[in-house]
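Student: Take this structure first; my questions come after.
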Amino acid sequence: MDIKTEIKRRRTFAIISHPDAGKTTLTEKLLLMGGAIQVAGAVKSNKIRKTATSDFLEIERQRGISVATSVMTLDYKGKRVNILDTPGHKDFAEDTYRTLTAVDSVVLVIDSVKGVEEQTRRLMEVCRMRAIPVMVFINKMDREGKDPFDLLSELEEELKIATCPFTWPIGEGSRFKGVYHLYRKDVRLYDPQKTLKSTELLNTKDLNNIELRRIVGQDLINKLKEDLELIPGLFESFNHSLYREAYLAPVFFGSALNSFGVPELFDSFIEIAPGPAALKTAERLVQPEEEKFSGFVFKIHANLDPNHRNRMAFLRISSGRFERNKIYYHCRLDKNMRFSAPATFMANNKSTIDEAYPGDVIGLYDNGNLKIGDALTEGEILTFKGIPNFAPEILKEVINADPMKAKQFEKGLSQLTDEGLAQLFVQEQGKRKIIGTVGELQFDVIQFRLEKEYGAKCRFQLLPYAKACWFGSDNRAQLEEFIKRKAAHIVFDKNNQAVFMAESDWMLNNSRETFPDIRFTMSSEFNI
Ligand code: G4P
19 MDIKTEIKRR RTFAIISHPD AGKTTLTEKL LLMGGAIQVA GAVKSNKIRK
69 TATSDFLEIE RQRGISVATS VMTLDYKGKR VNILDTPGHK DFAEDTYRTL
119 TAVDSVVLVI DSVKGVEEQT RRLMEVCRMR AIPVMVFINK MDREGKDPFD
169 LLSELEEELK IATCPFTWPI GEGSRFKGVY HLYRKDVRLY DPQKTLKSTE
219 LLNTKDLNNI ELRRIVGQDL INKLKEDLEL IPGLFESFNH SLYREAYLAP
269 VFFGSALNSF GVPELFDSFI EIAPGPAALK TAERLVQPEE EKFSGFVFKI
319 HANLDPNHRN RMAFLRISSG RFERNKIYYH CRLDKNMRFS APATFMANNK
369 STIDEAYPGD VIGLYDNGNL KIGDALTEGE ILTFKGIPNF APEILKEVIN
419 ADPMKAKQFE KGLSQLTDEG LAQLFVQEQG KRKIIGTVGE LQFDVIQFRL
469 EKEYGAKCRF QLLPYAKACW FGSDNRAQLE EFIKRKAAHI VFDKNNQAVF
519 MAESDWMLNN SRETFPDIRF TMSSEFNI
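Per my numbering, the sequence shown starts with residue 19, numbered consecutively.
Have a look at this one:
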């Protein structure tokens with residue numbers, strides 16, 4: 019196949035949700051439909067259970083599984099589908115945000131009982147920021163949930179996106195029988211199957227079909243007919259460009275557990291979800307069809323195997339054809355690199371590949387040359403634009419607890435923060451090292467992994483700071499004055515950008531008033 023055909027058939031996306039909405043279950047059903055796995059239960063949930071805050075074994079289990087499921091590739095109806103996994107746990111939200119730099123669209127899973135939840139809102143904000151097209155799957159319709167009309171208006175209000183239902187549920191809770199497809203104008207009823215692909219019980223366009231009435235009951239048919247009359251007046255009809263520009267979200271109802279409504283979602287996804295898009299770099303727009311290869315690293319997994327200190331960098335191909343053993347240019351280090359064993363992932367199996375195309379994600383073994391955000395090209399310098407680093411909410415000083423292992427401590431901290439696990443800040447005065455995170459869990463992970471993987475010990479000391487934010491100003495005098503006065507509260511991030519640590523919102527506002535020409539931002543400049 020030529021490169022254009024290969025690009026056209028790629029669909030690279032992430033399934034995102036608030037934990038427990040059904041992301042893992044839905045992923046598994048898609049893999050089943052694509053024949054990538056044969057039985058349900060093959061994809062282990064990669065989430066860290068709520069109770070596991072200090073359960074190190076759980077963290078390790080999670081790491082093992084999340085490597086295996088970082089990207090899942092399958093073929094479905096002639097399309098090459100790459101599903102990028104995102105951790106559900108909110109303490110790892112930044113990892114999810116970075117993964118979103120590598121997808122062309124997302125499927126957002128909503129729990130019909132709970133509706134829009136905290137993580138749903140945050141994830142949507144990131145999608146909006148990057149204009150990522152969103153498709154919504156309203157899951158768990160087999161439970162007594164909210165009314166479909168109410169759910170859609172909640173989505174519109176809370177997520178600030180227009181919705182356009184593609185399917186409509188027939189019944190709900192224990193009487194959920196199937197879905198009506200608003201574009202194909204037919205009914206599909208399924209036989210609930212928890213372990214296998216669903217079996218279709220009935221497919222008809224005739225709402226007066228006798229069999230339909232026998233299975234569903236006249237009352238549900240009447241309700242469906244009423245709903246169908248209301249829908250056109252209440253919701254947008256589908257418009258491809260509005261979807262692609264992320265203003266309009268097609269919505270599907272179903273139950274991932276019972277495989278209801280999943281084929282409708284997957285079939286429409288294949289048809290309308292965008293393939294590899296042009297990507298923004300600081301230099302220019304990179305088109306996938308360009309002859310020359312380029313790609314960027316959006317995720318690193320360090321120390322996959324404790325016996326071999328290797329890491330795996332996940333690279334999204336943005337243009338041209340990637341070839342095994344070919345020499346590529348590492349822009350940040352200004353050096354050439356060759357990869358002899360690039361990996362792809364089919365369900366849980368890793369295998370070496372010879373070539374890959376835009377939209378694909380490959381795993382590159384690396385011993386410390388690659389960092390999140392790095393670009394590989396055929397010689398041109400490109401700087402991909404990503405997701406900013408967000409202001410950490412918990413700040414702790416990290417102290418080396420074993421002076422004999424200072425080197426291992428430094429190396430471990432540097433590598434683990436390269437992986438994007440947490441942000442590392444250094445205070446010039448006294449060289450204190452400060453770890454900033456969005457959740458408590460990362461501190462446990464850092465301590466545990468430092469010891470296990472690097473043989474270093476650390477302890478943390480909570481700092482009296484509530485916010486860390488980046489700052490800058492065109493007013494040099496004011497900037498210098500601010501830096502002089504606040505020196506004890508200023509640290510530097512990994513890119514050497516200055517960060518101000520404020521003890522409270524009040525302190526931050528106070529600084530804003532005293533230094534009106536200084537801009538304080540809750541996110542750093544674009545860095546993948
Ligand atoms: P997540 O990855 O988004 O965190 O969610 P996951 O798929 O693990 O699903 C969370 C829980 O919701 C699981 O139950 C799962 O079985 C259930 N679930 C998923 N889809 C549906 C659905 O369509 N209907 C119903 N009723 N439940 C659904 P669990 O008890 O937490 O785990 P498990 O023991 O069943 O694995």
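C-beta: ideal position from N, C-alpha, C; glycine also. Quick caveat, the model's predicted, so the values are computed rather than measured.
Measuring straight from C-alpha to C-alpha, what distance separates Val154 and Phe31?
Tutor: C-alpha separation (whole angstroms): 13 Å.
Student: DSSP on Gly313, reduced to helix/strand/coil?
Tutor: Gly313: strand per DSSP, three-state reduction.
Student: Using only alpha-carbon positions, find the residue among Lys504, Ala506, Phe332 and Pro281 that is nearest to Lys47.
Tutor: Nearest option by C-alpha distance: Pro281.
Student: Return yes when at least one heavy atom of ligand 1 lies under 7 Å from the C-beta of Gly40, else no.
Tutor: Yes, since a heavy atom of ligand 1 falls inside the 7 Å radius drawn around the Cβ of Gly40.
Student: List in chain order: all unbroken beta strand (DSSP E) runs of 3+ residues lying wholly within the region 450-479.
Tutor: Segments of the beta strand (DSSP E) lying fully in the region 450-479: 451-455.
Student: Is the closest heavy atom of ligand 1 to the C-beta of Asp160 under 7 Å?
Tutor: Yes, ligand 1 has a heavy atom inside 7 Å of this Cβ.
Student: Does the contact criterion of 3 or more C-beta pairs under 8 Å hold for the region 223-230 versus the region 305-319?
Tutor: The region 223-230, when compared against the region 305-319, does not touch it at the 8 Å Cβ threshold.
Student: Is it buried or exposed, Trp488, if we count other Cβ atoms within 10 angstroms and call 16 or more buried?
Tutor: Buried, since its Cβ has 16 or more Cβ neighbours within 10 Å.
Student: Please determine, among Pro482, Lys97 and Phe538, the residue with the shortest C-alpha to C-alpha distance to Glu289.
Tutor: Measuring from the Cα of Glu289, the nearest candidate turns out to be Lys97.
Student: With a threshold of 7 Å (Cβ to nearest heavy atom), would Leu102 be considered close to ligand 1?
Tutor: No - ligand 1 has no heavy atom lying nearer than 7 Å to the Cβ of Leu102.
Student: When you measure from the CB of Asn157 to every non-hydrogen atom of ligand 1, does any distance come out below 7 Å?
Tutor: Yes, Cβ of Asn157 sits closer than 7 Å to a heavy atom of ligand 1.
Student: Can you tell me whether Thr45 is helix, strand or coil according to DSSP?
Tutor: Correct three-state label for Thr45: helix.
Student: Under 8 Å: do the region 462-474 and the region 499-515 share three or more Cβ pairs, one atom per stretch?
Tutor: No: the two stretches stay apart, fewer than three of their Cβ pairs being nearer than 8 Å.
Student: Helix, strand or coil: which one does DSSP assign to Met540?
Tutor: Coil.
Student: Leaving out five residues on either side along the sequence, give the residues of the same chain with a beta carbon under 7 Å from the beta carbon of Tyr347.
Tutor: For Tyr347, where only same-chain residues beyond five positions count, the Cβ hits under 7 Å are Asn354, Leu394, Thr395, Glu396 and Gly397.
Student: Classify Arg28 as buried or exposed, calling it buried when 16 or more other Cβ atoms lie within 10 Å of its own Cβ.
Tutor: Result: buried.
Student: Apply the 10 Å Cβ neighbour rule to His258 and answer buried if 16 or more other Cβ atoms are within range, or exposed otherwise.
Tutor: Classification for His258: exposed.
Student: Would DSSP call Gln515 helix, strand or coil?
Tutor: Three-state DSSP puts Gln515 in coil, outside helix and strand.
Student: With a Cβ-Cβ cutoff of 8 Å, do Glu308 and Arg342 count as a contact?
Tutor: In this structure, Arg342 does not lie closer than 8 Å to Glu308 by Cβ.
Student: Between Thr532 and the rest of its own chain, which residues show a CB-CB distance below 7 Å, the 5 nearest in sequence each way excluded?
Tutor: Result list for Thr532: empty, nothing under 7 Å.
Student: Closer than 8 Å is the cut-off here; do at least three beta carbon pairs connect the region 413-432 with the region 452-469?
Tutor: The region 413-432, when compared against the region 452-469, does touch it at the 8 Å Cβ threshold.
Student: Would you mind sorting Asn528 into buried or exposed? The rule is 16 or more other CB atoms within 10 Å of its CB.
Tutor: So Asn528 ends up on the exposed side.
Student: In terms of residues, what are the limits of the alpha helix (DSSP H) holding Ser88?
Tutor: It is not in any alpha helix (DSSP H) - Ser88 carries neither H nor E in the DSSP assignment.
Student: Please identify the residue among Gly163, Thr117 and Leu118 whose C-alpha is closest to the C-alpha of Lys132.
Tutor: Measuring from the Cα of Lys132, the nearest candidate turns out to be Gly163.
Student: Quick one: measure Cβ to Cβ for Val619 and Ala120, integer angstroms, because I've assumed they're closer than 8 Å.
Tutor: Examination of residue 619 is not possible in this model, given that the chain is present from 19 through 546 alone.
Student: Looking only at C-alpha atoms, which of Lys414, Arg329, Ile380 and Glu458 sits nearest to Asn100?
Tutor: The option with the nearest alpha carbon to Asn100 is Ile380.
Student: Run through DSSP, which three-state label would Lys368 get?
Tutor: If DSSP states are grouped into helix, strand and coil, Lys368 belongs with the strands.
Student: Give the secondary structure of Pro183 by DSSP, where H, G and I count as helix, E and B as strand, and everything else as coil.
Tutor: Reduced to three states, the DSSP call for Pro183 is strand.
Student: Looking at the secondary structure, which residues open and close the alpha helix (DSSP H) in which Ala495 lies?
Tutor: That run of the alpha helix (DSSP H) goes Arg494 to Arg503.
Student: Can you give me the C-alpha to C-alpha distance between Ala149 and Glu263, rounded to a whole angstrom?
Tutor: Rounded to the nearest angstrom, the two C-alpha atoms are 6 Å apart.
Student: Between the region 240-248 and the region 172-183, do at least 3 Cβ pairs fall closer than 8 Å?
Tutor: The answer is no - the region 172-183 does not touch the region 240-248, with fewer than three Cβ pairs under 8 Å.
Student: When burial is assigned at 16 or more other CB atoms within 10 Å of the CB, is Lys223 buried or exposed?
Tutor: Under this definition Lys223 is an exposed residue.
Student: Under 8 Å by Cβ, that's how I've got Phe461 and Glu415 pegged, so tell me the actual separation to the nearest angstrom.
Tutor: Their Cβ separation, rounded to whole angstroms, is 11 Å, which puts Phe461 and Glu415 out of contact at 8 Å.
Student: Among all the DSSP beta bridges, which residues are the ones paired with Asp384?
Tutor: Arg329.
Student: According to DSSP, is Ser286 part of a helix, a strand, or is it coil?
Tutor: It is helical.
Student: Rounded to the nearest angstrom, what separates Gly272 and Leu225 at their Cα positions?
Tutor: One C-alpha to the other measures close to 19 Å.
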